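Enquirer: Got a structure here, written out as structure tokens. Questions coming.
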Ligand SMILES: Nc1ncnc2c1ncn2[C@@H]1O[C@H](COP(=O)(O)OP(=O)(O)O)[C@@H](O)[C@H]1O
Ligand SMILES: [Mg+2]
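Numbering (the working numbering), first residue to last: 1 to 518.
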């Protein structure tokens with residue numbers, strides 16, 4: 001309890017120093033009592049500071065960087081959720097730097113020994129100084145059996161630190177949500193809970209290893225894409241050993257030019273391979289920035305860092321392929337139909353207004369030279385519009401959209417004329433033909449459904465639900481089970497919230513005493 005309180009004061013101080021709390025105060029206008037709590041937590045003064053609301057995001061970024069690993073991850077996570085923090089703040093949060101000073105060689109060696117034992121450790125030769133250090137882990141090179149490997153080692157005590165700080169954040173979220181009901185739309189408790197889920201996975205490197213293995217299996221037949229092998233004999237919860245990539249970083253344009261690697265081909269392959277994973281397999285690398293991508297002499301793309309992966313179920317993959325393909329063909333009515341038939345937009349919304357809104361995103365873009373259009377940005381605009389039509393965007397689709405923007409950015413640094421749509425078309429077309437059948441069949445199905453709906457005005461809602469249910473059944477989807485599991489988790493959270501309320505009551509008494517005797 002005292003520990004949680006100390007961590008809370010630390011958070012409060014960093015936020016107060018960055019003036020983010022002042023901005024929060026302005027936004028939610030809390031009463032004098034809560035303002036006092038904020039000041040006491042932050043030891044800051046009651047003096048009004050002049051606020052420059054534009055740079056609040058950047059000041060928050062600095063504060064989070066100062067607060068360390070947990071908060072850097074929190075910021076990065078929120079940066080992927082414009083649906084929660086808004087587009088502008090999300091963009092600013094994406095500038096968070098995730099590099100920290102490395103820990104000592106002696107600690108690195110001891111960590112390896114603790115995990116795999118002295119005997120196996122002795123097989124590791126030429127362990128290098130750390131070549132990269134970030135908030136959760138650092139990476140060294142080494143030789144095992146005369147082959148070269150990269151060994152990723154978790155920071156010492158990182159699990160406990162995350163646990164303590166996330167517990168404190170949970171308390172903080174409960175306090176804020178209880179005292180300021182207006183902030184509930186920020187879903188603070190859910191955010192902390194989600195962050196805990198994500199980081200629990202990231203802090204068990206066996207998950208990263210198995211993600212690499214799964215991606216390798218899925219992409220084995222894909223051209224120009226090679227996932228490094230994991231050395232499971234030297235991998236455990238806290239260390240991950242993968243074969244050292246024999247290639248150059250994709251951002252090293254000079255070397256790419258020297259080796260005469262075809263950059264246009266490379267750009268095309270990056271996009272096509274990403275789409276094959278997302279749409280074809282439903283399992284994609286969710287962190288494809290330049291630092292995580294290598295290329296070898298033959299032009300093969302080699303990814304590293306499998307800590308963040310995305311999964312799309314069959315429904316979502318079909319939805320994605322159909323909307324992208326629909327946009328390529330400028331068939332907005334069809335894109336709208338896809339949304340309604342899948343029950344993604346509530347049936348009481350107007351289909352005509354929806355397809356008009358889609359047209360308003362598509363036409364200005366396609367009116368220009370097509371090569372400048374980003375599919376990722378188009379998806380972002382689409383999700384903004386679907387939200388206006390009461391359709392909640394799923395986090396996995398948001399991760400996909402964000403990764404798509406990154407992938408396109410990487411491709412454009414290699415080939416500034418890359419035409420995302422021409423490049424995407426064969427992959428999408430191929431998949432739709434294989435999975436959904438000839439295009440004519442898709443159009444026909446949509447047409448028939450809409451005709452029936454038109455004739456029977458009282459039935460659309462029922463039809464909508466029934467066809468969605470059938471689709472889900474056909475796809476063998478487990479979506480409902482996931483829903484139930486989520487509901488269950490939320491119920492558990494509510495219970496926890498109750499417990500936290502008791503702690504809050506206690507805190508209020510402490511704070512009141514502090515105010516009185518200050
Ligand atoms: N198998 C590997 N071969 C070569 N370099 C690697 C390998 N794995 C990681 N690295 C290097 O270490 C860096 C950090 O590893 P990464 O897995 O991306 O960690 P983080 O999750 O901290 O970003 C990478 O950017 C890359 O330069
Ligand atoms: Mg990385």
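We put the CB at the ideal spot given by N, CA and C, even for glycine. Just so we're clear, the structure is a prediction, and the values are computed from it rather than from any experiment.
Under 8 Å: does the beta carbon of residue 345 sit that close to some heavy atom of ligand 1?
Expert: Looking up residue 345 in the chain shown gives position 345. No, the Cβ of residue 345 stays beyond 8 Å of every heavy atom of ligand 1.
Enquirer: For ligand 2, which residues count as neighbours when the test is a C-beta closer than 6 Å to any heavy atom?
Expert: Qualifying residues come out as 291, 292 and 305.
Enquirer: Closer than 7 Å by C-beta to residue 346: which residues in its own chain qualify, once you throw out the five before and the five after it? Chain order, please.
Expert: By one-based count along the chain shown, residue 346 stands at place 346. Here the set comprises 390.
Enquirer: Buried or exposed, going by whether 16 or more other CB atoms sit within 10 Å of the CB of residue 82?
Expert: Counted from its first residue, the chain shown places residue 82 at position 82. Label assigned to residue 82: buried.
Enquirer: Are there any heavy atoms of ligand 1 lying less than 8 Å away from the beta-carbon of residue 310, as far as the coordinates show?
Expert: Looking up residue 310 in the chain shown gives position 310. Residue 310 Cβ: outside cutoff for every heavy atom of ligand 1.
Enquirer: Could you compute how far the alpha carbon of residue 244 sits from the alpha carbon of residue 147?
Expert: Within the chain shown, the letter at position 244 stands for residue 244. Within the chain shown, the letter at position 147 stands for residue 147. Cα to Cα, the separation comes out at about 8 Å.
Enquirer: Have a look at 63, 140 and 5 and flag the residue whose alpha-carbon is nearest the alpha-carbon of residue 168.
Expert: Walking along the chain shown from the start, residue 168 turns up at place 168. Considering only alpha carbons, the answer is 5.
Enquirer: At which residue ranges does the stretch 193-234 contain complete beta strand (DSSP E) runs of 3 or more residues, listed in the order of the chain?
Expert: List check, beta strand (DSSP E) in window: nothing returned.
Enquirer: Mind checking residue 226: buried by the 16 CB within 10 Å criterion, or exposed?
Expert: Position 226 of the chain shown, counting from 1, holds the residue named residue 226. It counts as buried.
Enquirer: Residue 423 lies in the alpha helix (DSSP H); which residues open and close that run?
Expert: Residue 423 sits at position 423 when you count from the first residue of the chain shown. 420-436 is the extent of the alpha helix (DSSP H) around residue 423.
Enquirer: What first and last residue would you give for the alpha helix (DSSP H) that runs through residue 404?
Expert: Mapped onto the chain shown, residue 404 falls at position 404. Here the alpha helix (DSSP H) through residue 404 covers 395-414.
Enquirer: Please report how far the alpha carbon of residue 17 lies from the alpha carbon of residue 11, in whole angstroms.
Expert: Working through the chain shown from its first residue, we reach residue 17 at position 17. Working through the chain shown from its first residue, we reach residue 11 at position 11. Spanning the two alpha carbons is a distance of roughly 10 Å.
Enquirer: Using C-beta distances below 6 Å, list every residue in its chain close to residue 130, excluding the 5 sequence neighbours before and after it, in chain order.
Expert: As a position in the chain shown, residue 130 is number 130, starting the count at 1. Correct list, in chain order: 102, 138 and 140.
Enquirer: Buried or exposed for residue 220, please, with buried defined as at least 16 other CB atoms from any protein chain shown within 10 angstroms of its CB.
Expert: For this step, residue 220 is matched to residue 220 along the chain shown. Classification for residue 220: exposed.
Enquirer: Below 7 Å CB to CB, which residues in the same chain sit around residue 188 once its five sequence neighbours on both sides are set aside?
Expert: Working through the chain shown from its first residue, we reach residue 188 at position 188. The answer, listed in chain order, is 173, 176 and 177.
Enquirer: Under three-state DSSP, which class holds residue 243?
Expert: As a first step, residue 243 is located in the chain shown; it is residue number 243 there, counting from the start. Strand.
Enquirer: Bridge partners of residue 295, per DSSP?
Expert: Position 295 of the chain shown, counting from 1, holds the residue named residue 295. Paired residues: 248 and 301.
Enquirer: What separation, rounded to the nearest whole angstrom, lies between the Cα atoms of residue 373 and residue 327?
Expert: By 1-based counting over the chain shown, the position of residue 373 is 373. By 1-based counting over the chain shown, the position of residue 327 is 327. Cα to Cα, residue 373 sits roughly 11 Å from residue 327.
Enquirer: Using a Cβ-Cβ cutoff of less than 6 Å, which residues in the same chain neighbour residue 194 once the five nearest sequence positions on both sides are dropped?
Expert: Position 194 of the chain shown, counted from the start, is the residue given in the question as residue 194. Cβ neighbours of residue 194 beyond the five flanking positions: none.
Enquirer: Please check if any C-beta of chain C sits within less than 9 Å of the C-beta of residue 430.
Expert: The structure shown contains no chain C; it holds only a single protein chain.
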